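These notes are about the structure you will find just below.
Numbering (our numbering), first residue to last: 4 to 132.
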């Protein structure tokens, strides 16, 4: 199979598999949820959570806060080149500046906090952006 014929989700899985071939301690994932369907997003979240649980650090950048904050242990919101807020999902989601500048008035942090339970994210030391 030629990689260019794969769907977006299949490409994400291939990208991760290629990383794992070198037995990494850290994997950088740049917008892994972009251009893939919701079911595949959940599959990729599961893969990322499994890698984290296996002791592989993940540095993840993405604009999809719901999908990202659900699986990260530590997050950073960056605005104008400066770290606006950092911490666990609860800290980041509760920050008034992050809410005003990034999440918006209608953002529901409760659904993300509840969604985290499915991934067992409880105070690990790995970082995500």
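Just so you know, even glycine gets a beta-carbon here, dropped at the ideal spot from N, CA and C.
Being a predicted model, the structure only gives us computed values, none of them experimental.
Within 10 Å of its beta-carbon, does residue 93 have 16 or more other beta-carbons around it, so buried, or fewer, so exposed?
exposed
To the nearest whole angstrom, what separates the beta carbons of residue 50 and residue 80, a pair I think is in contact under 8 Å?
So it is not a contact: roughly 24 Å between Cβ atoms.
Rounded distance between the beta-carbons of residue 95 and residue 72, thought under 8 Å:
7 Å
In whole angstroms, what separates the C-alpha of residue 58 from that of residue 7?
31 Å
Determine whether the beta carbon atoms of residue 106 and residue 68 lie at a separation below 8 Å.
Taking 8 Å as the Cβ cut-off, residue 106 and residue 68 qualify as a contacting pair.
Just reading off the beta strand (DSSP E) that residue 7 is part of, what are its end residues?
Looking at the DSSP string, residue 7 is not in any beta strand (DSSP E), and its letter there is neither H nor E.
Tell me whether the beta-carbon of residue 88 lies closer than 8 Å to the beta-carbon of residue 98.
yes
Beta strand (DSSP E) containing residue 60: first to last residue?
Annotation: the continuous beta strand (DSSP E) that includes residue 60 extends over 60 to 64.
Could you tell me which residues DSSP pairs with residue 26 in its beta bridges?
In the DSSP assignment, residue 26 is bridged to no other residue.
Within a Cβ cutoff of 6 Å, which residues of the same chain sit near residue 3, ignoring the five residues on either side of it in sequence?
In the structure displayed, the chain extends from 4 to 132; residue 3 sits before or after that span and is not available.
Roughly how many angstroms separate the alpha carbons of residue 102 and residue 26, rounded to a whole number?
38 Å
Note the first and the last residue of the continuous alpha helix (DSSP H) segment covering residue 81.
Per DSSP, residue 81 belongs to no alpha helix (DSSP H); it is in the beta strand (DSSP E), 78 to 82.
Just to confirm before moving on: does the CB-CB distance between residue 64 and residue 33 stay below 8 Å?
yes
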